[in-house]
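Comments concern the structure below.
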Amino acid sequence: MHHHDDDPAALAALIAGGGTVAAFTGAGVSTLSGIPDFRGPEGLYRRLDADRIFDIAGFRADPGYFYTQAREFIYGMGDKEPSLVHRVLAGLERQGRLGGVITQNIDMLHQRAGSRTVVELHGSPSWHACPDCPGRAAFAAVASLVRAGGIPRCDRCGAVLKPGITFFGELLPSGALERAAQLAGSADLLLVLGSSLVVQPAASLPWLTLRAGGRLAVVNRDPTPLDGYAAWRGHDLGAVFARLDALLGTGAA
Ligand SMILES: [Zn+2]
Numbered sequence: 000m001h002h003h004d005d006d007p008a009a010l011a012a013l014i015a016g017g018g019t020v021a022a023f024t025g026a027g028v029s030t031l032s033g034i035p036d037f038r039g040p041e042g043l044y045r046r047l048d049a050d051r052i053f054d055i056a057g058f059r060a061d062p063g064y065f066y067t068q069a070r071e072f073i074y075g076m077g078d079k080e081p082s083l084v085h086r087v088l089a090g091l092e093r094q095g096r097l098g099g100v101i102t103q104n105i106d107m108l109h110q111r112a113g114s115r116t117v118v119e120l121h122g123s124p125s126w127h128a129c130p131d132c133p134g135r136a137a138f139a140a141v142a143s144l145v146r147a148g149g150i151p152r153c154d155r156c157g158a159v160l161k162p163g164i165t166f167f168g169e170l171l172p173s174g175a176l177e178r179a180a181q182l183a184g185s186a187d188l189l190l191v192l193g194s195s196l197v198v199q200p201a202a203s204l205p206w207l208t209l210r211a212g213g214r215l216a217v218v219n220r221d222p223t224p225l226d227g228y229a230a231w232r233g234h235d236l237g238a239v240f241a242r243l244d245a246l247l248g249t250g251a252a
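In terms of numbering that gives the first Met the number 0, the sequence shown opens at residue 0 and continues consecutively.
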């Protein structure tokens, strides 16, 4: 199917226009780094039962199931590299043009690309917490253990550690939605990237930008419910961000 993309030079002009810019990213940004979208039609959803893997009651009953199923697609993420989109966003923040990134992703790639202000709506495996005491462990240590077939335990009390990812049946991380709403609501331009905007509450964030008088730029392969409200619309993230890198000199390529 052919999609018309608006002129990237017009998007670059919007970004460089001097207003406050924020970004909201979904799975489409991470697929460029080779991380499958487990909700997408070609994603892991067909091979892995995400509803069961990320069920908090199931995790508490049998954490070994989670750690076995997640061995590759969570604990192999350390081998993935940030994409051009991650790197351009980090470059825009360094230039003072981007106030921050709100992400639905749990792959830590924005931080690894150099972004400093990142709101992770669904948490992150960067830390694993003990349910029974203040014990914690960082991703790298847990990942090497899990990839060798182990289950991470608290080094203080021995309880099984839980990743800082938000499971089904859990509340979003404390403060994340408030910080995201603040970023979206104060943006003159919100870049909506690689998300089909169907999962709540994330899908409501662009409306905060619109209601406050800001504009949206939407780059997503598939249609989104906000296409009719977007000041700029594109479909090919890789192509759009290659042009933005050249036009705005983010030094990401
Ligand atoms: Zn503990």
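By construction, the Cβ of each residue, glycine as well, lies at the ideal position given by its N, Cα and C atoms.
Keep in mind the model is a prediction, meaning the values are calculated, not measured.
Shortest Cα-Cα distance from Leu120 to any of Gly113, Ile164, Gly17 and Asp235 involves Ile164. In terms of side-chain proximity, the C-beta atom of Arg96 is found no nearer than 7 Å to any non-hydrogen atom of ligand 1. When the five nearest sequence neighbours on each side are left out, the beta carbons in the same chain lying within less than 7 Å of the beta carbon of Phe167 are those of Asp50, Phe53, Asp54 and Ile55, in order along the chain. For ligand 1, residues qualifying as neighbours are Cys129, Asp131, Cys132, Gly134, Cys153, Arg155, Cys156 and Ala158, where qualification means a beta carbon closer than 6 Å to at least one of its heavy atoms (chain order).
The beta carbon of Asp187 sits closer than 6 Å to those of Gly18, Thr19 and Gly213, all from its chain and outside the five residues before and after it, given in chain order. In the pairwise beta carbon analysis, the region 119 to 136 is classified as touching the region 171 to 190: at least three pairs are separated by under 8 Å.
In this structure Ser195 is buried. Its beta-carbon is surrounded by 16 or more other beta-carbon atoms within 10 angstroms.
Taken through DSSP and simplified to helix, strand or coil, Arg115 comes out as coil. Phe240: member of the alpha helix (DSSP H) spanning Leu236 to Leu247, first to last residue. Taking every protein chain shown into account, the CB of Ser203 has fewer than 16 other CB atoms within 10 angstroms, so this residue is exposed.
The beta carbon of Val217 is closer than 7 Å to those of Val191, Thr223, Leu225, Asp226, Ala229 and Arg232 in its chain, skipping five residues each way along the sequence. In the same chain as His85, and ignoring 5 residues on each side of it, the C-beta atoms closer than 6 Å to its own belong to Leu108, His109 and Ala112, in chain order. Annotated as proximal: Ala21 and Gly99, with beta-carbon spacing under 8 Å. Excluding sequence positions up to five before and after Gly57, its CB lies within less than 8 Å of the CB of Arg51, Tyr64 and Phe65, all in the same chain and listed in chain order. The beta carbons of Ala211 and Leu83 sit no closer together than 8 Å. Classified as buried, Val117 has 16 or more neighbouring CB atoms from the shown chains inside 10 Å of its CB. The distance from the Cβ of His127 to that of Ala139 is about 11 Å, inconsistent with a contact at the 8 Å cut-off.
With a beta-carbon spacing of about 28 Å, Ala238 and Leu207 fall beyond the 8 Å limit used to define contacts.
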